[in-house]
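Peer 1:
Protein chains: 2
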Amino acid sequence: MNIFDINKVLSNKVRIDILDWLKDMQSNFPPQINVPDFSNGVCVCHIQDKSGLSQSTISHYLTMMHKADLVIATRIGKWTYYRRNEKMIKDYIKLLQSSL
Amino acid sequence: MNIFDINKVLSNKVRIDILDWLKDMQSNFPPQINVPDFSNGVCVCHIQDKSGLSQSTISHYLTMMHKADLVIATRIGKWTYYRRNEKMIKDYIKLLQSSL
DNA sequence: ACTAAATATCGATATATATCGATATGTTTG
DNA sequence: CAAACATATCGATATATATCGATATTTAGT
């Protein structure tokens, strides 16, 4: 893990927003249809709807957040569900605390 | 204060390094000549020497770090001394902790 | 006032990021 | 297996960032 690489991912308002929305999926997103609950996260299309950006842009953002380990991706059928990687987020903050 | 604006400043290795070097100025920089100690920080030329980048680049970096309130600048004579703004750095980490 | 030194700003260029629409890939279902 | 759908990837373009050398500004000492 590298502070400035993660900071790059987090230097964009929409990506910070996505991480924030995923903190409370029940209130920020419509109920899931193809899975019983939010335990795997939220599908790309709902994040896209909320962001107002194009499908390709949001998919790209989620991919880079996933490469930085900030989110966990789960493919179920046609859908990919994304949720926060709380451990990584905590580790990142701890690293900042100790090294900044 | 805005998380992603500060993250932009901190999404560059050299700028993170500078903040780190300024944590222990005695061991990271030669003794100051025109001022008695490091209480106001380190002059631009010493930071430039350590970084290996051009004078204009380092001056630019320090200016943006200053605009983000991450460092405090003090002009004494021909020299500008930069030191960490510990309060701001703490506030930034706190904000990250509470909002990320 | 003139010169030299330290820093800041300007202008240029190369590289990176943001963002889109189009296309490809993978999955489900008729 | 063909069609439909969700997501991922590609290719393009506009904007931003990194970085330099050159120039301007500020200050100190003659």
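Taken in order, these protein sequences are the chains called X and H.
Note that this note's numbering has the first sequence beginning at -2, numbered continuously upward.
Note that this note's numbering has the second sequence beginning at -2, numbered continuously upward.
We treat Cβ as the ideally placed atom computed from N, Cα and C, and that holds for glycine.
Just so it is clear, the structure is predicted and the values come from calculations on it, not from any experiment.
Could you give the distance in angstroms between the alpha-carbon of residue 41 of chain X and the alpha-carbon of residue 89 of chain X?
Peer 2: Taking the first sequence and counting its residues from 1, the one referred to as residue 41 of chain X is at position 44. Taking the first sequence and counting its residues from 1, the one referred to as residue 89 of chain X is at position 92. The alpha-carbon atoms of residue 41 of chain X and residue 89 of chain X are separated by roughly 24 Å.
Peer 1: In chain X, which residues lie with their C-beta within 7 Å of the C-beta of residue 8 of chain H?
Peer 2: If you number the second sequence from 1, residue 8 of chain H lands on position 11. 1, 4, 5 and 8, listed in chain order.
Peer 1: At a cut of 8 Å, does the region 1 to 14 of chain X reach the region 30 to 39 of chain X through at least three beta carbon pairs?
Peer 2: no
Peer 1: Quick check on residue 97 of chain X - is its C-beta less than 8 Å from some C-beta in chain H?
Peer 2: Within the first sequence, residue 97 of chain X is the residue found at index 100, counting from 1. Residue 97 of chain X counts as touching chain H.
Peer 1: If the criterion is Cβ atoms closer than 8 Å, does the pair residue 73 of chain H and residue 82 of chain H meet it?
Peer 2: For the purposes of this step, residue 73 of chain H is identified with residue 76 of the second sequence, where counting begins at 1. For the purposes of this step, residue 82 of chain H is identified with residue 85 of the second sequence, where counting begins at 1. Cβ distance not < 8 Å, so residue 73 of chain H and residue 82 of chain H don't count as in contact.
Peer 1: Residues in the same chain with beta-carbon distance under 7 Å from residue 50 of chain H, minus the five sequence neighbours each way, listed in chain order, please.
Peer 2: Here residue 50 of chain H corresponds to residue number 53 of the second sequence, with the count starting at 1. Excluding sequence neighbours, residue 50 of chain H sits near 11.
Peer 1: Using the rule of at least 16 other Cβ atoms within 10 Å of the residue's Cβ for burial, across every protein chain shown, is residue 43 of chain X buried or exposed?
Peer 2: Translated into positions along the first sequence, residue 43 of chain X becomes position 46. In summary, residue 43 of chain X is buried, with 16 or more beta-carbon neighbours lying within 10 Å of its beta-carbon over all protein chains present.
Peer 1: Can you pull the chain X neighbours of residue 90 of chain H, defined as C-beta to C-beta under 8 Å?
Peer 2: On the second sequence, position 93 is the one that residue 90 of chain H refers to. Identification of chain X residues near residue 90 of chain H by a Cβ-Cβ cut-off of 8 Å yields 90, 93, 94 and 97, ordered along the chain.
Peer 1: Taking the alpha-carbon positions, what's the residue 31 of chain X to residue 84 of chain X distance?
Peer 2: Working through the first sequence from its first residue, we reach residue 31 of chain X at position 34. Working through the first sequence from its first residue, we reach residue 84 of chain X at position 87. So the two alpha carbons sit approximately 27 Å from each other.
Peer 1: Kindly say whether residue 50 of chain X, judged by its beta-carbon, lies nearer than 8 Å to any beta-carbon of chain H.
Peer 2: Residue 50 of chain X sits at position 53 when you count from the first residue of the first sequence. Answer no: the Cβ-Cβ gap between residue 50 of chain X and chain H never drops below 8 Å.
Peer 1: Take residue 18 of chain H and list the residues in its own chain whose beta-carbon comes closer than 6 Å to its own, dropping the five residues that flank it on each side.
Peer 2: In the second sequence, the residue the question calls residue 18 of chain H occupies position 21. Same-chain partners within the cutoff: 25.
Peer 1: Taking just the CA atoms, how far does residue 46 of chain X sit from residue 0 of chain X?
Peer 2: Residue numbering aside, residue 0 of chain X sits at position 3 when the first sequence is read from its first letter. Residue numbering aside, residue 46 of chain X sits at position 49 when the first sequence is read from its first letter. Taking the straight line joining both Cα atoms gives about 30 Å.
Peer 1: Drop a sphere of 10 angstroms on the beta-carbon of residue 95 of chain X, count the other beta-carbons inside from all chains shown, and report buried for 16 or more, exposed for fewer.
Peer 2: In the first sequence, counting from the first residue as 1, residue 95 of chain X sits at position 98. When all chains shown are included, residue 95 of chain X counts as exposed.
Peer 1: Assuming residue -2 of chain H contacts residue 97 of chain H under a Cβ cut-off of 8 Å, what Cβ separation, rounded to an integer in Å, is found between them?
Peer 2: Residue -2 of chain H sits at position 1 when you count from the first residue of the second sequence. Residue 97 of chain H sits at position 100 when you count from the first residue of the second sequence. Actually they are not in contact, since the Cβ atoms of residue -2 of chain H and residue 97 of chain H sit about 14 Å apart, beyond 8 Å.
Peer 1: Using the rule of at least 16 other Cβ atoms within 10 Å of the residue's Cβ for burial, across every protein chain shown, is residue 54 of chain X buried or exposed?
Peer 2: Here residue 54 of chain X corresponds to residue number 57 of the first sequence, with the count starting at 1. Counting Cβ neighbours within 10 Å, residue 54 of chain X comes out exposed, since fewer than 16 surround it.
Peer 1: Hey, how far is the Cα of residue 104 of chain H from the Cα of residue 77 of chain X?
Peer 2: There is no way to answer for residue 104 of chain H, as the model of chain H reaches only from -2 to 97.
Peer 1: Between the region 44 to 68 of chain X and chain H, which residues of the former have a C-beta closer than 7 Å to a C-beta of the latter?
Peer 2: none
Peer 1: How would you write the range of the beta strand (DSSP E) that residue 41 of chain X sits in, first residue to last?
Peer 2: Start at 1 with the first residue of the first sequence, and residue 41 of chain X comes out as number 44. Not the beta strand (DSSP E): residue 41 of chain X falls in the alpha helix (DSSP H), residues 41 to 48.
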